[in-house]
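Quick note, the sequences are listed as chains A and B, same order.
So in the numbering used here, spot 51 of the first sequence is number 51, and the numbers just go up one at a time.
If you count the second sequence from 1, you need to add 1000 to reach the numbering used here.
Even glycine gets a Cβ: it sits at the ideal position worked out from N, Cα and C.
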Amino acid sequence: GNSVTQMEGPVTLSEEAFLTINCTYTATGYPSLFWYVQYPGEGLQLLLKATKADDKGSNKGFEATYRKETTSFHLEKGSVQVSDSAVYFCALIGYNQGGKLIFGQGTELSVKP
Amino acid sequence: NAGVMQNPRHLVRRRGQEARLRCSPMKGHSHVYWYRQLPEEGLKFMVYLQKENIIDESGMPKERFSAEFPKEGPSILRIQQVVRGDSAAYFCASSPRGEPQETQYFGPGTRLLVL
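Next comes the structure, spelled out in structure tokens:
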């Protein structure tokens, strides 16, 4: 079946450091790929998405590129801020799977001043 | 345009009681999804509903759990005879057309604690 694997956290960085959170997936066909962010005590917010191979999603300085050949969708940001501290979830919706989002286990990011 | 609304935000129940969680989708959205986040775990899909129809309930436990999305009113996730293992955050999301590439918009969640 379809699945998503994320790098384990927690990840602790200093402000202005470079961020990479790895995400790989297993799916048949061409899934749509998403990154969601969850701040403490809140629901999930869409951070970015990509719906076909080689698409790059970007938002608020975060980027991720849909790599079909490596089945990856790694999240990157060039310079993190304390306000980026949150849990980040990689997710997919499989082709012909309606709205069933399949999530990775989440990666907690803590950014220190 | 108000976002997805869920109530209550926090719910405490004793073992054996019933829990009813409500979700009002964004205006114009007719597709609703429920997810559960157990402590220290990621989110797991439970059920996908369109108005008056259950589209996919492959993630719902076979017993005690049910969901509905009536023609009028919010979607309801109902848990009968709750047990401690039901303690979790339950999130509802909605989308306009139910297409795979669409963004799902999440509510703030209901945190259920079973004593």
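The beta strand (DSSP E) that contains residue i, what's its start and end?
i, result
"threonine 65/A", "62-65"
"tyrosine 30/A", "Where tyrosine 30/A is concerned, there is no enclosing beta strand (DSSP E), given that its DSSP letter is neither H nor E."
"glutamine 6/A", "3-6"
"tyrosine 39/A", "Per DSSP, tyrosine 39/A belongs to no beta strand (DSSP E) and is neither H nor E."
"phenylalanine 1065/B", "1065-1068"
Where does residue i land, buried or exposed, given buried means 16+ other C-beta within 10 angstroms?
i, result
"phenylalanine 18/A", "exposed"
"proline 31/A", "buried"
"glutamine 1081/B", "exposed"
"aspartate 1086/B", "buried"
"serine 1058/B", "exposed"
"glycine 1/A", "exposed"
"serine 14/A", "exposed"
"valine 1083/B", "exposed"
"arginine 1118/B", "This structure does not reach residue 1118/B, given that chain B is present from 1001 up to 1115, and the question cannot be answered."
"alanine 53/A", "exposed"
Quick test of your reading: residue i and residue j, contact by CB under 8 Å. State the CB separation rounded to the nearest angstrom.
i, j, result
"threonine 28/A", "glycine 94/A", "7 Å"
"glycine 1042/B", "phenylalanine 103/A", "5 Å"
"alanine 50/A", "glycine 57/A", "4 Å"
"tyrosine 1105/B", "glycine 1003/B", "6 Å"
Name the residue from the options whose alpha carbon lies nearest to the alpha carbon of residue i.
i, options, result
"arginine 1009/B", "Gly1016/B, Gln1017/B and Ser1024/B", "Ser1024/B"
"proline 40/A", "Leu13/A, Ser85/A, Leu101/A and Ala91/A", "Ser85/A"
"arginine 1015/B", "Gln1104/B, Ile1079/B and His1031/B", "Ile1079/B"
"alanine 1089/B", "Thr1110/B, Val1012/B and Glu1040/B", "Thr1110/B"
"asparagine 96/A", "Ser1095/B, Pro1100/B and Pro1096/B", "Pro1100/B"
"leucine 46/A", "Glu1102/B, Leu1113/B, Ala1002/B and Gln1017/B", "Glu1102/B"
"tryptophan 1034/B", "Glu1040/B, Gly1028/B, Lys1027/B and Arg1022/B", "Arg1022/B"
"tryptophan 35/A", "Glu76/A, Gly9/A and Glu69/A", "Glu76/A"
For residue i and residue j, I'd like the C-alpha separation in whole angstroms.
i, j, result
"tyrosine 1048/B", "serine 1075/B", "11 Å"
"leucine 48/A", "phenylalanine 1091/B", "19 Å"
"glutamine 81/A", "glycine 61/A", "11 Å"
"threonine 26/A", "phenylalanine 73/A", "11 Å"
"proline 963/B", "leucine 1077/B", "Look at the range of chain B in this structure, 1001 to 1115, and you will see that residue 963/B is not part of it."
"threonine 71/A", "arginine 1097/B", "27 Å"
"cysteine 90/A", "leucine 1115/B", "32 Å"
"valine 111/A", "threonine 12/A", "6 Å"
"methionine 1005/B", "arginine 1020/B", "14 Å"
Could you tell me which chain C residues have their CB closer than 8 Å to the CB of residue i, listed as they occur along the chain?
i, result
"glutamate 76/A", "Given the protein chain composition of this structure (A and B), no chain C is represented."
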